[in-house]
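Written out below as structure tokens is the structure these notes cover.
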Amino acid sequence: MEDSFYEKASQIWHSLSKNSIEGVVDMSVYHKLFNAFHIGSYYYYIFNVKNISFEFVSPEINEVLGYAPKALDVEFLIDKIHPDDKPWFLNFEYKVNEFFKTLHNNQIANYKVSYDYRIRKNNGEYIRMLQQVLTIDYDKKGAIVRTLGVHTDISHIKAADSSALKPSLSFIGLNGELSYHNMNVKKVFKTSQLQFTKRESEILLSLLNGRNSTQTATLLNISKLTVDTHRKNLLAKMQVCNTAELIAKSIKLGMI
């Protein structure tokens, strides 16, 4: 059975934390770091990477997402990520894992990880969330134990309902470290419902090039009925209403 979205994310975090040894969290120490975040309505949290759990979530989450801090766990929260953005989330976390493995111990706390995705509020509305994370606890071997994160609603800057805006990942260097913006990320994770068959890809590319069903059928030496059937299946798979939306969404997700 294929691992769930949460299980895939957990595997990445376990790899990041390795056999780390936990210390004690003093929240007062981290208040001075909040100036590194701030551009709109936000809440902050402490994430235990080793245990894959929130050790603290600020009460502002109720204002931003409509969820109570005490009722929140990691699996519940990441399940609210927009289905189209879940592969982005996993691929970003995979890239973060790879990046931090290249750092020396004295560099780990000098990088802020920043990326965005859409997430569903308690009222069903989607907003664009900017996630910014700093490492606050790690061991001598470089295994990350805890991170301090801030989730900020940036829908007023980057619309949550725009199909043309892709999530992006940056590593922001602090204390003189180099920054890396809009990173190219390998597509390691794809959701099964968004994977096209060879024939579906051929038909979609033909439609993208402006051919209708009859012309596509002639090009691929198949019947028009077969083309129309595949087109309907593609619309259902991508959860769109027409061919124009199908092409736009496929381009946005980098699938063609």
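1293 is the number of the first residue of the sequence shown in the numbering used here; add one for each residue after it. Built from N, CA and C at the ideal position, the CB exists for glycine as well.
Item, Value
"Measure the C-alpha to C-alpha separation of residue 1475 and residue 1380 and round it to an integer number of angstroms.", "12 Å"
"If I'm right that residue 1406 touches residue 1462 with Cβ under 8 Å, what's the distance once you round it to whole angstroms?", "5 Å"
"Answer with buried or exposed for residue 1473, where buried requires no fewer than 16 other C-beta atoms within 10 angstroms of its C-beta.", "exposed"
"Of all the options 1499, 1458, 1399, 1412, which has the alpha carbon lying nearest to the alpha carbon of residue 1536?", "1499"
"Does the distance from the CB of residue 1427 to the CB of residue 1400 come in under 8 Å?", "yes"
"So is residue 1353 buried or exposed if we call it buried at 16+ other beta carbons inside 10 Å?", "buried"
"From the DSSP secondary-structure annotation, give me the bridge partner or partners of residue 1441.", "1337, 1425"
"Within the continuous beta strand (DSSP E) that includes residue 1461, where are the two ends?", "1461 to 1465"
"On the CB-based measure, 16 or more other CB atoms within 10 Å of its CB, does residue 1517 come out buried or exposed?", "exposed"
"Can you tell which of 1334, 1392, 1402 has its C-alpha closest to the C-alpha of residue 1466?", "1402"
"I'd like the span of the beta strand (DSSP E) that includes residue 1347, first residue to last.", "1345 to 1349"
"Residue 1441: buried (16+ other C-beta within 10 angstroms of its C-beta) or exposed?", "buried"
"With a cut-off of 8 Å on the beta carbons, I'd call residue 1304 and residue 1397 a contact; round off their distance for me.", "Contact flag wrong, Cβ pair sits at about 21 Å."
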